[in-house]
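Below is one structure, written out as structure tokens; the observations come after it.
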Amino acid sequence: MTKLVFAAAIMLVLMHSGCSRNEETAGAPGVPAVSPSTEPANRDTAVKPAAPQLAIPPHFVDIAQSRGIDFTYFNDEVPDRFYIPEIQGGGVAWVDFDSDGWLDLYMVNGCRLVKTDPNQSEFENRLFRNLGNGHFADVTQSAASADIRFGHGVAVGDFDADGFYDLYVSNYGENALLRNNGDGTFEHVENHAGVADPLWGTSTLWVDANADGLLDLYVANYTDWDPAQHELCLYDKSFGYCGPRDYNAQPDRFFLNQGDGTFVDAAQTLGLSAPKGKALGVVALDLDNDAKPEIYVANDMCANFLFTQSRPPIAKLIESDNDHLFLNLASVAGCAVSERGLEEASMGIACGDFDRNGFNDIYLTHFHQQKGTLYQNQGNGLQFLDASRRTKIARHTYDTLGFGTIAFDYDRDGALDLFMTNGHVLGSQHEISWMRPQLLQNEGAGNFVDVSSACGPYFERRLLGRAAAGGDFDNDGDLDLAISHLKDPFGLLENRTETGRAFLGLELATANRIPPIGGRVIVHHAGKQQMLPVMAGGSYLSSSDQRLLFGLDNKASDVTVEIHWPSGRVDKLVDLEPNCYWLVREGQPAVRTTAAQ
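See below:
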């Protein structure tokens, strides 16, 4: 069936967001008349901004092809068909699946949406093992880690606490749970575990939500789009992808770990359900410093969710019986909609203490000409303010459409910077779809400056950027970036920035051998302090390195580490040697896991 939606040509740029005429559409460019063949040949020839003069210039090099990584996400885009899954992309995960101390890479792939051929092995997900010498090897077949479905998201977590990381993959259709056997192989256990959710899954994460020492599973779901009932939308004289408002929302799932290898959906029981959510991003971390994780969900053209176990004064403004463990406070916390009260197309999430007030903030990537949004945590009972304009983030992101985003300190100055992948959703045939990635430097005084043009050749390319995950694959103390695109090969950006400063790396685990999601670490050094959260999820469809990286002065002495565990315990560590990684288990001495750099 064809659905005719007559609108001005200016609205084509906003069709994925579903914006109405009353929202911010002024100045949106029209769509160029490009025939639907391949991507525009001149997509990298636009004028590039001059590189800023920086004390520590960022330096990133795409080394994927030269290090053995050859992968391009298959999105099954067919000209003039406009199936929405084509434009979502696939995630990437950093995971040390063989416990050798080196981060490996798992990449989610798509497949044929209309399965005319039952053999689709060419489109399987891929696992690349880090060989420890800067190179990777494809071990998908020997590890039995493939999943041949139309994949989107991936989460890393040791759900059975056997010391080996497992993988959960969300798909358009049934999801997959790959249990790590501990011998370099995986097995599919999603049906036995009860987590083969048939809805359209996007981002997902592992978190111990009820403090029973077992990792539970949050699965963000999108809409009820069905190829059997596919519709096209007509914008002036051109057909295109219909937006999320043309479809019904699907409920998110929260699978509670039973401790015997099985799970039950407890979203309703725990209060982790809300109406009208078309979720694309999810993150779990402590936002009010009570050592309990909040779960924040980024929704596409719907109000975002903030699920919390806390009951701050603003909770009285919500009509609720408060009988559930979690309560959605986003609407009264100031982080559900834009500063103008508009529901936005939220995709990726990056969290951290950007203004260094001791509380974690929330950054969201958004649709073209909606701006990226920085919800600044006021530190007074889960109350946030949209600081996007004051921090200059709005200026730098208004003309982009962002997806994956990573908060990290590229120059080791103690202030979190922001990386973003960008790319429109009009389809690869439109020149406007292809966008450059961005790196925003946090100047430390509440302002961000776009330093992308100083980062290297990758940042000069116009791409259809989607997923992004940060991980220190070479254990040298700076974060490298794994990036999935549409139509272009996978990117691995090695961070070669010369800072002249030291670092301290920490890997944390509870007595139950799970990450202490909801905890936080404060490092005191040189009269200053830095705080980083222990969190799960974030970015878009992806899983990042869960180790924490702190930048230190080049004379790294007199460093005190303060670890706040979800149990309420606080450990203080002193005299940790810098320029290496340390493993800290709750209540035990720190153990160095890498040699000093």
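Under the numbering used here, think of the first position of the sequence shown as 154, with each following residue one higher.
Beta carbons: idealized from backbone N, C-alpha and C, even for Gly.
If you're wondering where the values come from, they're calculated on a predicted model, not measured in any experiment.
If you draw a straight line from the alpha carbon of residue i to that of residue j, how long is it in whole angstroms?
i    : j    : result
G525 : M588 : 15 angstroms
F339 : L385 : 40 angstroms
S323 : D728 : 43 angstroms
A621 : L657 : 23 angstroms
V372 : T355 : 7 angstroms
T178 : E277 : Here the model assigns T178 a pLDDT of 31, short of 50, so the residue's position is not dependable, and the following value carries that caveat. Their backbone Cα atoms lie some 40 angstroms apart in a straight line.
D627 : L280 : 17 angstroms
F507 : W378 : 37 angstroms
P182 : V435 : Note that P182 scores a pLDDT of 27, beneath 50, so its modelled location is shaky and nothing firm can be said.
G445 : I670 : Sequence check: residue 445 is Lys here, not Gly. Between K445 and I670, the C-alpha separation is close to 8 angstroms.
G494 : A547 : 16 angstroms
R738 : V744 : 9 angstroms
V267 : D706 : 56 angstroms
P185 : Q582 : With a pLDDT of only 29 at P185, under 50, the local geometry of the prediction cannot be trusted, and no value is derived from it.
Q523 : T376 : 21 angstroms
F159 : N401 : Summary for F159: the model assigns pLDDT 28, below 50, so the residue's position carries little reliability; its value from the coordinates is reported in the next sentence. Between F159 and N401, the C-alpha separation is close to 21 angstroms.
A346 : A329 : 10 angstroms
L632 : N481 : 33 angstroms
P668 : C608 : 32 angstroms
L554 : L593 : 15 angstroms
P428 : A468 : 18 angstroms
L527 : E447 : 17 angstroms
Taking only heavy atoms of the ligand MG into account, decide whether any of them is closer than 8 angstroms to the Cβ of residue i.
i    : result
H477 : By its list of ligands, the structure shown contains no ligand whatsoever, and the ligand MG lies outside what it can speak to.
Based on Cα-Cα distance, which residue from the options lies nearest to residue i?
i    : options                   : result
P238 : D405, V245 and E230       : E230
C756 : L256, R332, Q273 and L368 : Residue 756 lies beyond the stretch modelled for the chain, which goes from 154 to 750, so this question has no answer here.
G316 : V267, L538 and G254       : G254
Q206 : V602, S637 and A749       : V602
R565 : A444, E584, V450 and F703 : F703
L645 : E715, T574 and Q682       : T574
G221 : R738, N452, L592 and R282 : R282
G326 : F537, R234, F303 and N334 : F303
A432 : P397, G624 and E660       : P397
G135 : G630, A560, Y226 and L661 : Only positions 154 to 750 of the chain appear in the structure, and residue 135 is not among them; the question remains open.
S695 : H305, V292 and N334       : H305
I675 : R666, N334 and V712       : V712
V245 : D413, F643 and A362       : F643
N286 : D257, E275 and L370       : D257
L470 : C455, N457 and G487       : G487
R666 : M688, L367 and N333       : L367
V292 : Y259, A437 and G412       : Y259
L517 : T558, S484, G532 and L535 : T558
D662 : T225, N732, I716 and D552 : According to the sequence displayed, residue 662 carries Ala and not Asp. Nearest option by C-alpha distance: I716.
By DSSP's criteria, residue i is part of a beta bridge. Which residues make up the other side?
i    : result
W353 : Y325
M684 : I675
F224 : Partner(s): none; F224 has no beta bridge.
Q591 : M573
R234 : Paired residue(s): none; R234 is not in a bridge.
Y449 : V436 and L459
L646 : D215 and L634
Q601 : Contrary to the premise, residue 601 reads as Phe rather than Gln in this sequence. Paired residues: N595.
F656 : G704
N333 : F339
H717 : R673 and V723
L661 : V737
A689 : A437
V248 : D257
Give a yes or no on whether 9 angstroms exceeds the smallest Cβ distance from residue i to chain D.
i    : result
A451 : Absent here is chain D; the protein component of the structure consists of one chain.
- Message: Could you tell me which whole alpha helix (DSSP H) segments of length 4 or greater appear in the stretch 529-577?
- Response: 546-550
- Task: Jot down the residue ranges of each uninterrupted beta strand (DSSP E) in the stretch 451-516, minimum 3 residues, whole runs only, in chain order.
- Result: 458-461 and 502-505
- Can you list the beta strand (DSSP E) stretches of 3 or more residues lying completely in the stretch 260-309, in chain order? 279-283 and 289-291
- Item | Contact the stretch 503-516 vs the stretch 675-687: 3+ CB pairs below 8 angstroms | yes
- Query: Can you list the alpha helix (DSSP H) stretches of 4 or more residues lying completely in the stretch 353-415, in chain order?
  - Reply: none
- Task: Kindly confirm or deny that the stretch 486-501 and the stretch 535-544 touch, where touching means at least three C-beta pairs closer than 8 angstroms.
- Result: yes
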